[in-house]
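Chains as they are written, first to last, in the working numbering: chain P, 1043 to 1348; chain X, 893 to 1358. Where a beta carbon is used, it is the ideal one built from N, C-alpha and C, also for glycine. Bear in mind that the values here come from a model prediction, so they are computed numbers and not experimental data.
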Amino acid sequence: MSRARRGGGGAAGENRAGWLFISPWILGFVIFTAGPMVASLVLSFTDYSLVGETHGVGTANYARLVEDPRVAKSLTNTFVYALMFVPLGTVVALALAMLLARVGRAAGFFRTAFYLPEMTPAVAAGALFLLLLNGQTGLVNTVLGWFGITGPNWTTDPAWLKPSLAVVSLWSMGGTVVILLAALANVPRQLQEAALLDGAGPWRRFTNVTLPMISGAVFFAVITNTIAALQMFDQAYTMFYGPQQSSSASEESLVYMVYLFQNAFEFFDMGFASAMAWLLFGIIMIITAIQLKLGNRWVYYEGDRA
Amino acid sequence: MGTTRNRTRIALTAAGLSAAVALSGCAGVGGKGEEASGSGSSGGDGGNSFAGDPSGNLTIMGFGGEDEVAQARVDAFTKAHPSVKVSHPKGEFDAQQFLTALAAGNPPDLVYVDRAIIGTYAAQGAVVPLTDCVKARKVDTSAYREAAINSLTLDGKLYGIPEFYVVQVNLIDAKTLKSKGIDPSKIQTKDWPALKSTATSLYESNGSKIKRVGFDPKLPDSFPLWALINGAQIVKDGGAPNLNDPKAVEALDYAITLVEAQGGWTSFKAFRDSFDIFGDKNPLTTGTITAFPMENWYVNVLRDSIPAGLQLAAQPITDRQGNPVSTLGGSAWAIPKGAKNPTAACAWAAEMTATDTWMKAAEARIAKTKADKSFFTGLFTANKVADEKIRETYKEPAPKPGFEQAIQAFYDTLDTAKAMPASAAGAQIDAAWKAAVGRALGGQSAQAALDQAQKEAQAAFDKAKK
């Protein structure tokens, strides 16, 4: 009995300690995320303009989401970009992770090298890729030219703007590579060996052993990359909407967050921008829920079956 | 089953938190709108006085002040007002930084911004009228160029003190023209078919690779200029948009044909993006562009390319009747609502643009040109009295005839340049026509693109005027 009481007290103490440990995060979340979220929800029903008086406008900002053709245009652009970037990014990250998993010597160097772009400011990467992808003088088309391929005008042809953004976004896949690399390291060696003994070739071992065993990590990468793609801002803004570029920007490069930013900080329409943010929030929640519903059918979680 | 549900909940929460970044970004400025807009503690028409001896801290946003012209004036101000501690972090004006500071009730005392956005800021109450400032500092606004003052005047009130005066003429690579046997007078905007013919004769390509553009109409930025050349202003007096004026539509149609005749937009823009505008390998020196409308400050940049073989020529831009025209640009000093030191801010705005201060700046520029063994290419300010005095005192014929021609052409354009009238929806009008020109360059008809732009801009203007 007394042991049980002591045990109970210990659990309560651990509970308190747990809360204490995560309290900085909770405070940060409430002050810097939940608070502003609630504020933006309130603002989305007003004509808040950063300055001047604020009035309630009911659901007018949400009605404008339907009426404003640029909302639909920017959403379409964002979806198209996400559809290009998420599969491409996941495949490239997985390929890199598998290569890195095989590197023996200098593995640390290569892992650092692949993660470094993650630390590079997106603005710098955007500026760099504007030079590399220049259709007339860029290195990418020069290299393609060596193989007799006439490269497109990546950064100026409206049809190639979103593919360009997807290519530029690959630059910062280091985080996903690290996650997939960790997952690959956890694939039980005995399963691979058993498959090898059964005569399975490399492709069969990859599809029947490796991929199922890392499906949880791949699924996580797909969800987080989808969310990141739908919120894409930095590269698009730097490449097409920065001070030097904005006047030449094609609407084909207008992604949702850039248009949200324009409304908030160029047009003094913070109420409408808040409504845009909540629309994106809703879309992301729905897409994530669908992904989870579908994902649970093919993702293998260790410990699922006890 | 329970595990799956928990996992779903966790993943949805993660998605929610990630999405929250976007949402919190929208509200990150905090709900202090009432404080920022309602206090009127300083700077307003009926607020604290702009008069008196300036002192204390003066924070300025958007003013780098690196070159000798800026530094000489900063020195003049700080010498005259040693009790003012001036802080002006380097970097261009950042609208997001400014507006969040304003909403948080902690704006800078002064901003240095493009005159084109003053109308929007004024309509929103982000900057205050300077009527009292002008009175308190006895600023003679008649000394400033009328077009610059008009571009800062909304509903009869002045919201900024203009600084530089940016006009355009056609700058020309004379070496290429000579090699092709074409007279510089052929670079003109009066006879459009003839200009197109000249441009295409100068254009060179190798397959899909452009080697030389004959004449760059500078789209999209120069759409207002082309409209002006064709006799249309894209913003009416009073600030209403006039984007689909038939003459503006015709002008855009024509300017696009110039691009289409020289490689088409996507290749043309990619080619243009590869230029090193500020270096020795600038397009006029390397012969990659033969002529384009360009602003007065650029002659100062080009001067450094003479050793690299640049031979410059210039022609005024004219309307279709042959009269010189130019759009007008430049920056201005404006005082944000809630500025804590409006007295010092007003004193700075007035003194930085005063004739005596500009003379000190010109003196510094002359000293620099002498040290560099170079020559003076003119100083173009919005203060007409200062401009004339500087020209009389310091302007000597440039050693290169082409440069002298260019400098003269800019001086000749000053009085004919037209500013876009200040508009309560200036930012939205700007965004609407730029997007429209982008669509038109992408293949949409100029009429349809500008009709849509007009509709959007008019809606924004009507909303701003409410």
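The beta carbon of V1209 (chain P) sits no closer than 8 Å to any beta carbon of chain X. For S1292 (chain P) against G1335 (chain X), the beta-carbon gap comes to about 10 Å, at or over 8 Å, which does not count as contact. In the three-state DSSP reduction, I1169 (chain X) falls in the coil class, being neither helix nor strand. Residue state for S979 (chain X) is assigned as strand, using DSSP reduced to three classes.
If you look at S1223 (chain X), you'll find it in the beta strand (DSSP E) that goes S1223 to A1226. Per the coordinates, the alpha-carbon of A1309 (chain X) lies some 57 Å from the alpha-carbon of L1069 (chain P). Contact annotation: in the segment 1179–1208 of chain P, residues whose CB is within less than 7 Å of a CB in chain X are T1179, T1192, N1195, T1197, T1198, D1199 and P1200. In the displayed model, S1065 (chain P) falls within a helix according to three-state DSSP.
Of the candidates X:R1212, X:P1076 and X:S1166, the residue whose Cα lies closest to the Cα of E1142 (chain X) is X:R1212. Among the CB atoms of chain X, one or more fall inside 8 Å of the CB of N1176 (chain P).
What G1131 (chain P) touches in chain X, judged by beta-carbon distance under 9 Å, is nothing: the nearest beta carbon there is about 16 Å away. A1351 (chain X) has its alpha-carbon roughly 9 Å from the corresponding atom of A1317 (chain X). Per the DSSP secondary-structure output, K1101 (chain X) pairs in a beta bridge with X:N1098. Secondary structure at I1282 (chain X): helix, using DSSP grouped into helix, strand and coil. Q1154 (chain X) has its alpha-carbon roughly 34 Å from the corresponding atom of W1213 (chain P). CA-CA distance, M1274 (chain P) to V1217 (chain X), rounds to 42 Å.
For K1260 (chain X), the nearest beta carbon of chain P is not closer than 8 Å to its own beta carbon. Here D1083 (chain X) is not bridged, per DSSP, to any residue.
The segment 1280–1295 of chain X and the segment 1199–1215 of chain X touch, with three or more beta-carbon pairs separated by less than 8 Å.
Under the DSSP assignment, Y1051 (chain X) falls outside any beta strand (DSSP E); it carries neither an H nor an E label. Its chain contains L1094, R1104, G1179 and T1182 as the residues whose beta carbon lies nearer than 8 Å to that of T1068 (chain X), once the 5 sequence neighbours on both sides are disregarded; these appear in chain order. Annotation for P1111 (chain P): no beta strand (DSSP E) segment contains it, though the alpha helix (DSSP H) segment containing it runs P1111 to R1144.
Within the segment 1132–1159 of chain X, those residues whose Cβ lies closer than 8 Å to any Cβ of chain P are, in chain order, W1157, T1158 and S1159.
Counting C-beta atoms within 10 angstroms of its own C-beta, G1171 (chain X) has fewer than 16 neighbours from the protein chains shown and is therefore classed as exposed. The three-state reading of DSSP puts N1183 (chain P) in helix, counting H, G and I together.
Shown in chain order are the members of the segment 1071–1100 of chain P whose Cβ falls below 7 Å from a Cβ of chain X: F1074, T1075, P1078, M1079, A1081, S1082, L1085, Y1090, S1091, L1092, V1093, G1094, E1095 and T1096. Residue pairing from DSSP leaves M1312 (chain P) without any beta-bridge partner. Under a 10 Å Cβ-count criterion, L1334 (chain P) is classified as buried, with 16 or more other Cβ atoms of the shown protein chains found around its own Cβ. In the DSSP assignment, K1310 (chain X) is bridged to X:T1219. With respect to L994 (chain X), A1014 (chain X) sits apart: the two C-beta atoms are not nearer than 8 Å. Around L1172 (chain P), the beta-carbon contacts reaching into chain X at under 9 Å are D1165. Counting C-beta pairs with one atom in each stretch, the segment 1238–1254 of chain X and the segment 1098–1116 of chain P have fewer than three that are closer than 8 Å, which means they do not touch. DSSP places Q1154 (chain X) outside both helix and strand once states are collapsed to three, so it counts as coil. Measuring C-alpha to C-alpha distances from L1302 (chain P) to each of P:P1163, P:S1082, P:T1154 and P:A1076 identifies P:S1082 as the nearest. Taken through DSSP and simplified to helix, strand or coil, N1250 (chain P) comes out as helix.
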